[in-house]
Amino acid sequence: MINVQLKDGSILQVENGSTVSDVAFAISGGLGRAALAGTVNGKMVDIRYPLTEDCQLEIKTFDDEEGKHAFRHTSSHILALAVKRRFPGVKLAIGPAIEDGYYYDFDKDGSFSAEDLLLLEDEMKNIVKEDLKLERFTLSREEALKLMEEMNEPYKVELIHDLPEDAVLSFYKMGEFVDLCAGPHVASTKLVKAFKLTQVAGAYWRGSEKNKMLTRIYGTSFPKKNELDEYLAAVEEAKKRDHNKLGRELDLFTSSEVIGQGLPLFKPKGTKILQLMKRFVEDEEESRGYEFTQTPLMSKSDLFKISGHWDHYKDGMFIMCQDPHGHGDLFDVNEDGEVMALRPMTCPFQFAIYNSDQHSYRDLPVRMGETSTLFRNESSGEMHGLTRVRQFTISEGHLIVRPDQLEDEFRGVLDLTNYIMETLGIKEDITYRFSKWDPKDTHKYINKPEAWEETQNIMRGILDHVGLNYVEAEGEAAFYGPKLDLQMKNVHGKEDTIITVQIDFALPERFNMTYVDRDGQKKLPYVIHRTSIGCYERTLASLIEKYAGAFPLWLAPVQVKLLPISEKYHDYVETVLQKMKNKGIRAEMDDRNEKIGYKIREARNERIPYFVVIGEQEQESGELSVTSREKGDEGKISLDAFIERILDENARKYNYHTALKKDENK
């Protein structure tokens, strides 16, 4: 007998050689039927993994991320087998489980059509009905190469060649299908009862544009059909909220193939929202002691060589050379001439401002802010709408602080970001990620292990002291220091980083940034890099999706729409319009020769916070017939009272959506 410690700490004695499934059924029949995989001493294993010694065991079902991963990983193998049966000449690349589903990459002449996906789904149903068992086996590297060469799978051969010669590789067999795979998988194909192939896309082999473009099929799967139906309905709703679709429909932004990908063009309404956010952020930062700078959009490469961007970030920069003959043409970086680059970050420029003066310990902290336009050379496959672009604007700031000021200033940054997120109505959607360096991948970072560990311990201590609920992520740090990422899921379930706060131990030394301490000695400060709203474009995308285009009044590009019943009321409506505009209210009149019902529908489709119908009664009484987006018909309100209400709501930056949720939770 062996002792198995369960998740709740209890000990269960089972026969030596019992499987994870056996233990699950020993606990309860329901758990046994729901179990998909397990973790033994923290390592993910199949449900049929034998237990041969005392261990800690956690049973994983579809309610757990690990269970979902095993379930959907098996789904990708079912897809691959279906492709092999229907298209025998196709070569296999990789097919992992991902959040909300799975994909598999194939090398096929031409793509897969919509009709092909239906054929593949039919074949997948057959595979599920066949109740094929998933059987794990291992081979030496040499044996694995021989097997994959015999099966004529060149992409698998390439993957195996990259592994050490003494590696032992795991494979999974499912009927006639065999795949190189670390697993884990569920026990049988019959468990995958509900699935859908969702889209086809291109994907470069190993993510490199230098390699061949493969065809990627995405899918999702669930144990029950009703769960799949609910998910697909949510996906359809997400498509309606997708900022890239809705933002264009609401006339906020557009794009041009002539100008280029990742370079959005903001129209007047979208620009107004960005302007409102920038004013709000800058005013708030100034009230908290920030001083603003304005720095160049480009620099000689020398600056980025000092900062380390040239070594660690060069591939993500736009680099240009000045023609030595003065003609202004762009040359390769190896040509003679002055090498210039568009800035990917503002920090080196603000450091130059700091170094332009001498500083005493009494001068610190120095808080510098800038609404900065930055440039990053994103690959075409990475760009989408406003979330990944090549030119963007952020609320960048740097705090130069003494060691004894570090925690208080970090807390101040968190307070600022929390206030801004709460005002925008998205604080409840934010999660926190403590991003650390990866000591096994030192080429990505400034290689000072002791400094990394010390700074990460300082940052962890601050986060714990503040009481922040965060997850740690190795390998996600900036190259010069650990960071706190404020993450928010978009409508497609993918996490985007909205805000970052970083502690920098390296660049002050590189730029020789010093202050004279109490003892008269020059000391190196810490630098806190931070964004208080992050990338304005990405934040706008999040707000479009969060509110489905129905922005809070203070952010709405048009706050009030005036709807005259007919042309004879235009003069009166014009006087109402001017009175509102004179008070700073963003109002418009719909003076088109259309029926009032049509105008009302248009105002609703535009998500206008308030629309006002004006006809004979309103003109004679001086009152307005007001309809609000959230509350519907509000009856008659005097013009002055309505203006006062709008101004009050605007000044308070009242967020109806957040207030409603708070009321529901009382």
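Per the UniProt record's numbering, the sequence shown starts with residue 1, numbered consecutively.
Backbone N, C-alpha and C fix where the C-beta goes; we use that ideal spot for every residue, glycine too.
{"Item": "Cβ distance (whole Å) where Ala37 is taken to contact Ile47 below 8 Å", "Value": "6 Å"}
{"Item": "Backbone CA spacing between Thr52 and Ser18 [nearest angstrom]", "Value": "8 Å"}
{"Item": "N-terminal and C-terminal residue of the beta strand (DSSP E) that Glu135 is part of", "Value": "Leu134 to Ser140"}
{"Item": "When Lys436, Leu463 and Asp122 are compared against Glu453, the one with the closest alpha-carbon", "Value": "Lys436"}
{"Item": "Residue range of the unbroken beta strand (DSSP E) whose run includes Ser255", "Value": "Counting along the chain, Ser255 falls outside any beta strand (DSSP E), and DSSP gives it neither H nor E."}
{"Item": "Straight-line gap, Thr514 to Tyr313 (C-alpha atoms, nearest Å)", "Value": "25 Å"}
{"Item": "Straight-line gap, Gly89 to Lys196 (C-alpha atoms, nearest Å)", "Value": "23 Å"}
{"Item": "Contacts around Met148, its chain only, beta-carbon distance under 6 Å, and the 5 residues preceding and following it disregarded", "Value": "Lys156 and Val157"}
{"Item": "Sufficient close CB pairs (3 or more, under 8 Å) joining the region 297-309 to the region 271-287", "Value": "no"}
{"Item": "Beta carbon of Lys60 nearer than 8 Å to that of Thr74", "Value": "no"}
{"Item": "Backbone secondary structure at residue 668 - three-state DSSP", "Value": "This structure leaves residue 668 out entirely; the chain is present only between 1 and 666."}
{"Item": "Span of the beta strand (DSSP E) around Ala341", "Value": "Val339 to Leu342"}
{"Item": "Where Met580 falls, given that 16 or more other Cβ within 10 Å makes a residue buried", "Value": "buried"}
{"Item": "One or two residues paired with Asn582 in a DSSP bridge", "Value": "According to DSSP, Asn582 bridges with nothing at all."}
{"Item": "Backbone secondary structure at Leu484 - three-state DSSP", "Value": "strand"}
{"Item": "Rounded separation between Asn334 and Asp315 - CA only", "Value": "At Asn334 the pLDDT is 45, less than 50, meaning the model places this residue with poor confidence; the figure from the coordinates comes in the next sentence. Going from the Cα of Asn334 to the Cα of Asp315 covers about 15 Å."}
{"Item": "Bridge partners - Ser347, DSSP secondary structure assignment", "Value": "At residue 347 the sequence reads Cys, which differs from the Ser that was named. DSSP lists no partner for Cys347."}
{"Item": "Span separating the alpha-carbon of Phe375 from that of Arg388", "Value": "11 Å"}
{"Item": "Assigned secondary structure, Phe331 (DSSP; H/G/I helix, E/B strand, else coil)", "Value": "Because Phe331 carries a pLDDT of 49, less than 50, the predicted location of this residue cannot be relied on, and the following value inherits that uncertainty. Three-state result, Phe331: coil."}
{"Item": "Bridge partner(s) assigned by DSSP for Pro50", "Value": "Thr19"}
{"Item": "Per-residue DSSP class, three states only, for Ser532", "Value": "strand"}
{"Item": "Spatial distance of Lys210 from Ser379 (CA atoms)", "Value": "12 Å"}
{"Item": "Integer Cβ distance of Arg141 from Ala114, believed to fall under 8 Å", "Value": "That pair is no contact at about 40 Å."}
{"Item": "Residue nearest to Arg510 in terms of C-alpha spacing, selected from Glu616, Cys347, Gln619 and Val471", "Value": "Cys347"}
{"Item": "Minimum C-alpha distance to Ala34 - residue among Gly42, Met44, Val20 and Lys43", "Value": "Val20"}
{"Item": "Pair within 8 Å by beta-carbon distance, Ser76 and Tyr49", "Value": "no"}
{"Item": "Among Glu567, Cys55 and Leu540, the one whose alpha carbon lies nearest that of Leu555", "Value": "Leu540"}
{"Item": "Limits of the beta strand (DSSP E) - the one that Ile103 falls within", "Value": "It should be pointed out that residue 103 corresponds to Tyr in this sequence rather than to Ile. Per DSSP, Tyr103 belongs to the beta strand (DSSP E) from Gly101 to Asp107."}
{"Item": "Residues of its chain near Tyr656, where Cβ-Cβ distance is below 7 Å and the 5 sequence neighbours each way are ignored", "Value": "Only weak support is given to the placement of Tyr656: the predicted model assigns it a pLDDT of 48, under 50, and the value that follows is read from those uncertain coordinates. Here the set comprises Pro552 and Glu630."}
{"Item": "Residue nearest to Met174 in terms of C-alpha spacing, selected from Asp107, Asn152, Ile217 and Leu81", "Value": "Leu81"}
{"Item": "CB of Ile172 within 8 Å of CB of Asp179, strictly", "Value": "In the sequence on display, residue 172 carries Tyr and not Ile. Yes, the pair counts as a contact, with Cβ atoms nearer than the cut-off."}
{"Item": "Outcome for Pro482 when other beta-carbon atoms lying within 10 angstroms are tallied against a minimum of 16", "Value": "buried"}
{"Item": "Of the residues His69, Lys68, Asn41 and Ala70, the one placed nearest Gln56, counting alpha carbons only", "Value": "Asn41"}
{"Item": "Chain D within 8 Å of Met580, Cβ atoms only", "Value": "Absence of chain D from the displayed structure is noted, only one protein chain being present."}
{"Item": "Cα-Cα separation between Met44 and His69, rounded to whole angstroms", "Value": "10 Å"}
{"Item": "Counterpart residues of residue 670 in DSSP-defined beta bridges", "Value": "Nothing in the structure corresponds to residue 670, since the chain is present only between 1 and 666."}
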